[in-house]
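>
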Ligand code: COA
Ligand code: MG
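Residue numbers (our numbering): 4 to 291.
1. Looking at the structure shown, is residue 64 part of a helix, part of a strand, or coil, going by DSSP?
2. Touch check for the region 267-284 and the region 43-63: three-plus C-beta pairs under 8 Å?
3. Under three-state DSSP, which class holds residue 43?
4. In terms of alpha-carbon separation, which member of 63, 273, 19 lies closest to residue 50?
5. Cβ of residue 182 within 9 Å of Cβ of residue 202?
6. If you measure from the CB of residue 20, is any heavy atom of ligand 1 nearer than 8 Å?
7. Using only CA atoms, which one of 254, 237, 232 lies nearest to residue 21?
8. I'd like the ranges of any beta strand (DSSP E) spanning at least 3 consecutive residues and lying wholly in the region 209-263.
9. Please list, in chain order, all residues of the same chain as residue 39 whose beta carbon is under 7 Å from its beta carbon, the five residues on each side excluded.
10. Under the assumption that residue 80 contacts residue 136 (Cβ atoms under 8 Å), give the Cβ distance between them as a whole number of angstroms.
11. Any idea if residue 17 is buried or exposed, counting beta-carbon neighbours within 10 angstroms, 16 or more meaning buried?
12. Spatial neighbours of residue 259 within its chain, please: C-beta separation below 6 Å, excluding the five flanking residues on both sides.
13. Going by Cα to Cα distance, which pick from 59, 198, 62 is closest to residue 330?
14. One question on the structure: do residue 89 and residue 66 come within less than 9 Å of each other, judged by their Cβ atoms?
15. Out of 131, 84, 210, which has the shortest C-alpha to C-alpha gap to residue 52?
16. Return helix, strand or coil for residue 170, following the three-state DSSP convention.
17. If you check the beta carbons only, do residue 196 and residue 155 fall under 9 Å apart?
18. Closest by CA to residue 291, which one among 170, 243, 160, 270?
This is the structure:
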């Protein structure tokens, strides 16, 4: 599943949904959690449920961010949105893979009741929003069959810890949040699922977003969360390989295919070996 950009759309806003559809995001995250105030939760749930009934062709995936277990709303949210239009759930404030196990079992029941293929609803997890979660990032390996992506969040973690800030004066993450980011990246790599970077809150700073996306992609993230429509095109561009990268990847794959007995080759004066081949195959797979 290609998830370069996942745009949050508050579940109670018809206007924002109208704006978000067709904007080019790989996925829309219809949000029932933090962007919806408690008095609007039930209405948002009904709205999101109705949106998923629309069978019109679309070029994006629908994810729903449900409320976390400590609210007591998770299973009612799921009951309202598990239907054929749903591609995945985003699980906030997860403590460990045990939470995903519980969600998965509930999904089995709901899919069966809705006449859907068991396993069709995928799961993405915000894996660093509680202090406890930081000690359980390894629990996502081996990956639950429904798990497709891990992402991370700095705001709820900071709130949970009572931190007064999570950014340095230059805008970079302070070290506890850099640790959360980095461990999310490794946890996703270990589980073999997509590592997605967190959101970039300053939605009026396209240059800053672009710089931040380039750093994320350099380090191995394959996409990120978005909060504003203006961020989507920048994110998609940054997390797509350039023409030149695709051409180079193809050259490496072709060179190894032409010499199946070679573990290492020289291409344009540079040594290329198996890790380069794997990276090239990954690049080509990402556009397939
Ligand atoms: N999805 C769809 N449409 C959005 C949007 C989003 N996430 N964010 C903004 N828009 C729309 C606005 O409604 C506005 O539409 P209009 O031109 O028809 O009036 C347009 O895009 C421009 O918005 P702008 O005025 O620049 O921003 P804003 O002040 O209206 O909204 C936020 C700013 C942060 C409130 C808004 O971007 C938002 O709700 N983001 C998502 C928040 C969220 O879901 N957070 C949960 C994850 S932490
Ligand atoms: Mg939150």
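C-beta: ideal position from N, C-alpha, C; glycine also.
By the coordinates alone:
1. The sequence position of residue 64 within the chain shown is 61, counting from 1. Strand.
2. no
3. Your numbering for residue 43 matches position 40 in the chain shown. The answer is helix: DSSP assigns residue 43 an H, G or I state.
4. Residue 50 sits at position 47 when you count from the first residue of the chain shown. Out of 63, 273, 19, 19 has the C-alpha closest to the C-alpha of residue 50.
5. If you number the chain shown from 1, residue 182 lands on position 179. If you number the chain shown from 1, residue 202 lands on position 199. Against a cut-off of 9 Å, the Cβ pair of residue 202 and residue 182 comes out as no contact.
6. As a position in the chain shown, residue 20 is number 17, starting the count at 1. Result yes, Cβ under 8 Å from ligand 1.
7. Numbered from 1 along the chain shown, position 18 holds the residue referred to as residue 21. Comparing Cα positions, the closest option is 232.
8. 226-229
9. Here residue 39 refers to the residue found at position 36 when the chain shown is read from its first residue. Same-chain partners within the cutoff: 13, 14, 15, 47.
10. Taking the chain shown and counting its residues from 1, one reaches residue 80 at position 77. Taking the chain shown and counting its residues from 1, one reaches residue 136 at position 133. At roughly 20 Å, the Cβ-Cβ gap does not stay under 8 Å, so residue 80 and residue 136 are not in contact.
11. Mapped onto the chain shown, residue 17 falls at position 14. Its Cβ having fewer than 16 others within 10 Å, residue 17 is exposed.
12. Stepping through the chain shown from its first residue, residue 259 is reached at position 256. The beta carbon of residue 259 lies closer than 6 Å to those of 280 in the same chain, with the five residues before and after it left out.
13. Within the shown structure, residues of the chain are numbered from 4 to 291, placing residue 330 beyond reach of any answer.
14. Counting from one through the chain shown, the residue named residue 89 turns up at place 86. Counting from one through the chain shown, the residue named residue 66 turns up at place 63. The answer is yes: Cβ separation under 9 Å.
15. As a position in the chain shown, residue 52 is number 49, starting the count at 1. The candidate whose alpha carbon is nearest that of residue 52 is 84.
16. Start at 1 with the first residue of the chain shown, and residue 170 comes out as number 167. Strand.
17. On the chain shown, position 193 is the one that residue 196 refers to. On the chain shown, position 152 is the one that residue 155 refers to. No.
18. In the chain shown, residue 291 corresponds to position 288, counting from 1. Residue 291 has its Cα closest to that of 243, out of 170, 243, 160, 270.
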